[in-house]
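Note that my numbering gives residue 1628 to position 426 of the sequence shown, counting from 1, and the numbers run on in steps of one. Glycine is no exception: its CB is placed at the ideal position from the N, C-alpha and C atoms. A short worksheet on the structure shown next.
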Amino acid sequence: MISNAAHETIANGKVALSFCRKSGSLVRIGDMETGMEYLAEPSGARLFRLMESLGIGNLQFTEFSGEVIHEFAQLPQLADEFVKAGIQHICLWHRAGGLYQMNGATKEIMDEPETVLQELEKALADVKESGINMSIILNLRLLKVIFDPYREIGESEAIRSKDGSPASREAYPGSPYHLNNLGPSYNLGDSVTLCQRPESPFAERARTLVEKMLNLGFTSIFIDQPLNSQCCFAPQHAHSAPDLAHHDCVRWMGDVSRLVKARSEEGYVIGELPELFQTQKIDLWWYWQWKYLSPEVYRYSHPDSLQLWVVDGDVGELNRAFAMGFYANLTPAGMERGMSGRPAVAAQAAALAKLREATAAWTVETRFVDREGLECESAPGIVAYAFAGHGRAAVIMAETAGVAGEARLTFEPARHGTTANEAGVLLRQTGVEEPTTPPENGRHTLKIELAPFDVAVWRFA
Ligand SMILES: [Zn+2]
C-alpha cells in the first residue's frame, strides 16, 4: 500500500484505506487478504447533482405473493406524490427484482404481455418528461431452482465449494427483514447463489436484463447484492484463485456501472449493502440499518460516496439522516402506498428538500466533519453535525424526538481552515433566515429553540 507524504493509510489486517492528506478523500482501497488494490473513483459532478436533492423514493408494484399492488399506468400519479414531497428519483420494485416468483410464475423479470410493457414504457416516458430519474431493482445473484433461468445457467454459474456442491442456499432463516415468517411460500426455497463475474454466461444474462430495463425507459439501475464474500472452486469459472472470485465480482460490477452510465449522463447505480471495494462502481449504497450503527464513521471516512438511509414513517429518523448528510431513502408504508401513505414524512421531506437545495454549497459541496470544532449542549432529541470545505462551513441541527427543546452551540470554523469573521446566518426549514451574533476570537455562539421535528442550518462565509 502507498503511504507517503501525500497519502495516509489506515489498515486493520483485512482492509487498507489510503486517504489524500490534503483533501481527506479516499483514494485507494486495498484488500489485505488477496493483495488486490482498487482506485477510488468518485463520480464527481454526477454524484453532486444527486446529493443536492434530498433522496430517492421506492414503489412496489407487485406483492411478494405476485399480487398486483399498482398498475403501471398509475406510475405518473404516484410519482407526482413524490415530486410534491421534494423527491425526483424513484426506484420501481417489480416481483422484488425477479428474486421471488410466488404466484406460480417462473418467468424472467419483465416477461410481461406486450400490452403491459407498453403501459410501462408510456408511464416511464411520462415521468421522465417531468424530470424524474427512474430506476428499477434487479437481483441477479440468487436463483430459485424452479425459476426458468435456473435451467439455463443455474448449474454452470453457481458458486461451488471445494467438494463441488453449490456453496450456499440462502433462505434467510430468522431474518425479520425477509419473509419466512409469513409462511413457506414466501421463502426462497431451494436456490443457488450465482458467481457474479465478467465475461460469462452470468454476465451475459445480466447485461441482457440491464439493457432491457434501459430500453424500457429506466435511467438508473439498482443491483441487489452486488457482492461475493465466498471462495469459488467452480473449474469452468477459471478464477485466478478461489478467493479471487470476489475480485471478479468487483470487475463485473464495473461493467454494469459503465453500461448504465454510457446510456445517460443522469444514469447511476444503486447497490445493496456497503462494500468498500465497490465504492468506485456504486453511486448510492443501500443499507437497511444505519440507525443501529455509528453512521458518523461512514460519513467521515467515505466523504465521496453516498449512503442511502431507509426511512418509512419516522420523521425523527429522516431528520437525523439529513443532519448527517445521508441521502434519504423513502420506503413509505412498506413501499406499497406511495407518499400518501406517510403524510407526515411527505410534508417534512418537502421542507428538507428545499433546505438542502438552499444550503448545498455549505452542506453538500463541503465535507462532513462530525463534531470537530463544534460543541453542543441540548435537549436529548437534538443532534448537530458540522460540515466544512472550500472556505465555507455549516452546522446542521435537527430535533428528532418530536419534543420542543433548546440547544446552545459553539463553533470554530477556523478549525477547518475556514475564516469566518462575519456573523453566521441561521436558515430554518420554514425558510426564515436571520444573522447570528458575530464571533469572539473566532468562536461563534448560538442559543436556539427548536420546535418538534424542526431542522435548521447555521452557515458561515
Ligand atoms: Zn466462480
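For C1451, the shortest C-beta to heavy atom distance toward ligand 1 is 6 Å or greater. Per DSSP, reduced to three states, the secondary structure at M1238 is coil, with no helix or strand assignment. Taken atom to atom, the span from the alpha-carbon of Q1550 to that of V1517 is near 7 Å.
With a cutoff of 7 Å on beta-carbon distance, W1454 and R1399 are scored as near each other. DSSP places A1436 in the coil class of the three-state scheme, outside both helix and strand. Residues T1568 and R1569 of the same chain have their beta carbon placed closer than 6 Å to that of G1591, with the five preceding and five following residues left out of the count.
Between the C-alpha atoms of A1436 and D1445 there is a straight-line separation of about 12 Å. Between R1353 and F1221, the alpha-carbon positions lie close to 46 Å from each other. Per DSSP, L1508 lies in no alpha helix (DSSP H); the unbroken beta strand (DSSP E) holding it starts and ends at L1508 to V1513. Taking 8 Å as the upper bound for CB-CB distance, L1652 and A1603 are not in contact here, some 10 Å apart.
Not one heavy atom of ligand 1 lies closer than 6 Å to the C-beta of H1448. Burial state of I1425 is buried, judged by a 10 Å Cβ sphere holding 16 or more other Cβ atoms. The DSSP-derived three-state label of K1483 is coil.
Relative to ligand 1, the beta carbon of A1440 is positioned no closer than 6 Å to any heavy atom. The beta carbons of R1617 and E1579 sit no closer together than 7 Å. Following the DSSP letters along the chain, one finds N1417 inside the alpha helix (DSSP H) bounded by residues P1403 to L1418. Spanning the alpha carbons of L1478 and Y1470 requires a straight line of approximately 18 Å.
Under the 10 Å beta carbon count, Q1320 is surrounded by fewer than 16 other beta carbons and is classified as exposed. In this structure, ligand 1 has no non-hydrogen atom nearer than 6 Å to the beta-carbon of A1588.
For T1565, the enclosing alpha helix (DSSP H) stretches over residues P1545 to T1565. Taking 6 Å as the cut-off, one finds no heavy atom of ligand 1 near enough to the beta carbon of C1433. The Cβ atoms of A1218 and M1234 sit closer than 7 Å to each other. Here L1532 carries a strand assignment [DSSP, helix/strand/coil].
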